[in-house]
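Residue numbers (the working numbering), protein chains in the order written: chain L, 18 to 269; chain F, 18 to 269. Below is one structure, written out as structure tokens, with a few remarks after it.
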DNA sequence: ATCTGTATGTGCGCTGGCACACAGATGGCA
DNA sequence: TGCCATCTGTGTGCCAGCGCACATACAGAT
């Protein structure tokens, strides 16, 4: 597999808050108010932003990382509830008023995010301006994703779910490479690693992806979409509806 | 099976908005503002409040009915995403800003609800007062329920899920009887009717429930909780935390 | 160049839930 | 009273996904 420059985010790269689509939707006025309090933080693979029940101290606006919201059961097995990238933020419970959630937030793909202290977030939120409305629309998109995850878990095969999962990840990356072992994917989907091996092997045979030792490259996205269940499309369509992407896409 | 007075809600019964726990949490001031616009409506079994994609015209505050949020797939099979009773409201998309959702809302247990036009709801919501904060906390409870549904669908047996489902329903009823065929439960859980028959038969053998032709009576709630997966307790605990003044008490 | 840990491939038996088919039970209604 | 739609029980065959055990393959370190 070829060297992938973007697999390891360069620390030197120029970051700006507007790489996050929510921040970029804010008016200049609100953004200026927030800017002094937005802190760029590194998001290494596996970092846990919060555990189930933790009181959230920050909200995170990813720029080029991906964060999974994961539920971990008493016996240790897990299931991904939803995934957040540059289109969203981690920590809706802060402004929803609950302060904590029953899930864990863990970095699934390394990168960076801007974080904002819970208090600053609430201050701005409580001004009842555009930030509030934007956050609510995003929350609804998140709800849609969770609902669809429930449906998918009930009705679709591992292969279909893998396709969905790959597509959701792909949409949050700047290229078609992801760093992710089959073992980790299995944890996300809540299935056996061997099941992922089998599904991934099949996708590889069909020329849709190729992978090796934790690096996955999607070579035929169109086919991937065909092989996926309807769940991906439902979530994507609804997210686009709720958060029509601003003209500046944020890429390069 | 004994006659159950509340199985068929009496039209003559006195209803008041504060039977809904969200409405009952509002201050006198806000409630007085809303009262003239709250309209008592009958909620017959099977009534569809809205379909996937519909623009919502009302929010519904159930008093003694139960509403399921159901996702229906392209091939017609379905899965329940969450359930709403007197502790909540149907139509969060209205104030979340999306105006519609990808799921269907359907009455699972007949009764009544107070409805409020979308515009009135938004007007009050936009005053940015207590209603807003209350709605957000409720939304988070709903999110928790959806997340747990996803987990449950992935990891637990039909019997465990049936227990969870019965408990969620029970908490929203005034007695221990529910009117619900195994066929309908199967649609909710997104499983085969035969699977529900088997699980229900087992629960009956263990003396936890007894049922016949669409009437289910829970005779041993404690055991039902023991047989359920952790998902029920997680949702209940979190709901109680988020909406403390209105603990869903369960039945005697 | 070898070692070693991590990642992936494979085989086997098992079980839960599926699809389909049909039999029995029951209650509402003519 | 008897009919009939609806609801529930059961059986058979099938397969996806599981748990377990182990065989490879590869990458990076020494």
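Just so it is clear, CB atoms sit at the ideal spot from N, CA and C, and this is done for glycine as well. In this text the structure is predicted, and so the values were computed from the model without any measurement.
Practice task
Work out the CA separation of residue 206 (chain F) and residue 217 (chain F) for me, nearest whole Å.
Solution key: Stepping through the second chain from its first residue, residue 217 (chain F) is reached at position 200. Stepping through the second chain from its first residue, residue 206 (chain F) is reached at position 189. If I take the Cα positions, the gap works out to 13 Å.
Exercise for the section: Using a Cβ cut-off of 8 Å (strictly closer), state whether residue 157 (chain F) contacts chain L. Expected result: Taking the first residue of the second chain as 1, we reach residue 157 (chain F) at position 140. Output row for residue 157 (chain F): interface = yes.
Problem - Limits of the beta strand (DSSP E) - the one that residue 125 (chain L) falls within - result: Position 108 of the first chain holds residue 125 (chain L). First-last of the beta strand (DSSP E) with residue 125 (chain L): 121 to 126.
Problem - Contacting positions in the region 106 to 131 of chain F - beta carbon closer than 9 Å to chain L - result: 109, 110, 112, 113, 114, 115, 117, 118, 119 and 120
Handout entry: Test: residue 247 (chain F) CB closer than 8 Å to a CB of chain L
Key = One-based indexing of the second chain puts residue 247 (chain F) at position 230. Chain L, which has a Cβ nearer than 8 Å to the Cβ of residue 247 (chain F), makes this yes.
Exercise for the section: Report the three-state DSSP secondary structure of residue 97 (chain L) (helix, strand or coil). Expected result: Here residue 97 (chain L) refers to the residue found at position 80 when the first chain is read from its first residue. Strand, per DSSP.
Exercise for the section: Starting from residue 78 (chain L), follow the beta strand (DSSP E) in both directions and report where the run begins and ends. Expected result: Looking up residue 78 (chain L) in the first chain gives position 61. Element bounds for residue 78 (chain L): 75 to 79.
Exercise for the section: Would you identify the three-state DSSP class for residue 269 (chain F), choosing helix, strand or coil? Expected result: Here residue 269 (chain F) refers to the residue found at position 252 when the second chain is read from its first residue. Bear in mind that the predicted position of residue 269 (chain F) carries a pLDDT of just 35, short of 50, making it too unreliable to give a figure here.
Problem - Cβ separation of residue 50 (chain L) and residue 141 (chain L), assumed to be a contact under 8 Å, to the nearest whole Å - result: Here residue 50 (chain L) corresponds to residue number 33 of the first chain, with the count starting at 1. Here residue 141 (chain L) corresponds to residue number 124 of the first chain, with the count starting at 1. At roughly 7 Å, the Cβ-Cβ gap stays under 8 Å, so residue 50 (chain L) and residue 141 (chain L) are in contact.
Exercise for the section: At 7 Å on the CB atoms, spell out the chain F contacts of residue 255 (chain L), in chain order. Expected result: As a first step, residue 255 (chain L) must be located in the first chain, where it is residue number 238. Residues of chain F passing the Cβ test: 119.
Handout entry: Whole-Å CB distance - residue 83 (chain L) paired with residue 232 (chain L), under 8 Å assumed
Key = The sequence position of residue 83 (chain L) within the first chain is 66, counting from 1. The sequence position of residue 232 (chain L) within the first chain is 215, counting from 1. That belief does not hold up - the Cβ atoms of residue 83 (chain L) and residue 232 (chain L) are roughly 15 Å apart, past 8 Å.
Practice task
In the DSSP assignment, find the alpha helix (DSSP H) that holds residue 227 (chain F) and state where it starts and stops.
Solution key: Indexing the second chain from 1 puts residue 227 (chain F) at position 210. Note, residue 227 (chain F): premise wrong, no alpha helix (DSSP H); beta strand (DSSP E) at 226 to 229.
Practice task
Could you please give me the residues that DSSP links to residue 60 (chain L) through a beta bridge?
Solution key: By one-based count along the first chain, residue 60 (chain L) stands at place 43. BP columns for residue 60 (chain L) point to L:128.
Exercise for the section: Leaving aside the five residues before and after residue 34 (chain L) along the sequence, list all residues of the same chain whose C-beta is less than 6 Å from its C-beta, in chain order. Expected result: Position 17 of the first chain, counted from the first residue, corresponds to residue 34 (chain L). Contacts found: 40, 55 and 131.
Problem - 8 Å contact criterion, which residue 92 (chain L) and residue 171 (chain F) should meet: CB distance rounded - result: Here the question's residue 92 (chain L) lines up with position 75 in the first chain. Here the question's residue 171 (chain F) lines up with position 154 in the second chain. That belief does not hold up - the Cβ atoms of residue 92 (chain L) and residue 171 (chain F) are roughly 13 Å apart, past 8 Å.
Practice task
Just tell me which of L:133, L:96 and L:209 has its CA closest to the CA of residue 52 (chain L).
Solution key: Taking the first residue of the first chain as position 1, residue 52 (chain L) is located at position 35. Comparing Cα positions, the closest option is L:133.
Practice task
Give the single residue among L:204, L:209 and L:241 whose Cα lies nearest to the Cα of residue 222 (chain L).
Solution key: Locating residue 222 (chain L) in the first chain gives position 205, counting from the first residue. The option with the nearest alpha carbon to residue 222 (chain L) is L:241.
Practice task
Would you be able to state if there are at least three C-beta pairs under 8 Å between the region 121 to 128 of chain F and the region 192 to 203 of chain F?
Solution key: yes
Practice task
With distances taken Cα to Cα, identify the nearest neighbour of residue 37 (chain L) among L:177, L:88, L:105 and L:69.
Solution key: By one-based count along the first chain, residue 37 (chain L) stands at place 20. Selected option, being the one with the closest Cα: L:105.
Handout entry: Contacting residues, own chain, Cβ-Cβ under 8 Å from residue 110 (chain L) (five flanking each side not counted)
Key = Walking along the first chain from the start, residue 110 (chain L) turns up at place 93. Here the set comprises 73, 116, 117 and 118.
Practice task
Would you list the residues sitting across from residue 194 (chain L) in a DSSP beta bridge?
Solution key: Looking up residue 194 (chain L) in the first chain gives position 177. Paired residues: L:234.
Problem - Limits of the alpha helix (DSSP H) - the one that residue 208 (chain L) falls within - result: Walking along the first chain from the start, residue 208 (chain L) turns up at place 191. First-last for residue 208 (chain L): undefined, no H or E at that position.
Practice task
For the region 157 to 189 of chain L, list the alpha helix (DSSP H) runs that are entirely contained and at least 4 residues long, ordered along the chain.
Solution key: 175 to 187
Practice task
Could you give the DSSP three-state label for residue 69 (chain F): helix, strand or coil?
Solution key: Position 52 of the second chain, counted from the first residue, corresponds to residue 69 (chain F). Coil at residue 69 (chain F), not helix or strand.
Practice task
Verify whether the separation of the beta carbon atoms of residue 154 (chain F) and residue 69 (chain F) is less than 8 Å.
Solution key: The residue labelled residue 154 (chain F) in the question sits at position 137 within the second chain. The residue labelled residue 69 (chain F) in the question sits at position 52 within the second chain. Against a cut-off of 8 Å, the Cβ pair of residue 69 (chain F) and residue 154 (chain F) comes out as no contact.
Exercise for the section: Answer yes or no: does any C-beta atom of chain F fall closer than 8 Å to that of residue 211 (chain L)? Expected result: On the first chain, position 194 is the one that residue 211 (chain L) refers to. It does not: the Cβ of residue 211 (chain L) has no partner Cβ on chain F nearer than 8 Å.
Practice task
Taking only beta-carbon positions, decide if residue 202 (chain F) is within less than 8 Å of chain L.
Solution key: For this step, residue 202 (chain F) is matched to residue 185 along the second chain. No, residue 202 (chain F) does not count as interfacial toward chain L.
Exercise for the section: Could you pull out every residue in the same chain whose Cβ sits closer than 8 Å to the Cβ of residue 236 (chain L), ignoring the five residues on either side in sequence? Expected result: Here residue 236 (chain L) refers to the residue found at position 219 when the first chain is read from its first residue. If we look at residue 236 (chain L) and ignore the five residues flanking it on each side, its Cβ neighbours are 193, 224, 225, 226 and 227.
Exercise for the section: Just mark residue 87 (chain F) as buried or exposed, buried being the case when its beta carbon has 16 or more other beta carbons within 10 Å. Expected result: Taking the second chain and counting its residues from 1, one reaches residue 87 (chain F) at position 70. Looking at its Cβ environment, which holds 16 or more other Cβ atoms inside 10 Å, residue 87 (chain F) is buried.
Exercise for the section: Can you tell me which of the three DSSP states residue 85 (chain F) falls into? Expected result: Along the second chain, read from residue 1 onward, the residue named residue 85 (chain F) stands at position 68. Note: residue 85 (chain F) maps to strand in three-state DSSP.
Practice task
Could you tell me whether the Cβ atoms of residue 47 (chain L) and residue 148 (chain L) are closer together than 8 Å?
Solution key: Mapped onto the first chain, residue 47 (chain L) falls at position 30. Mapped onto the first chain, residue 148 (chain L) falls at position 131. Result yes, Cβ atoms of residue 47 (chain L) and residue 148 (chain L) sit closer than 8 Å.
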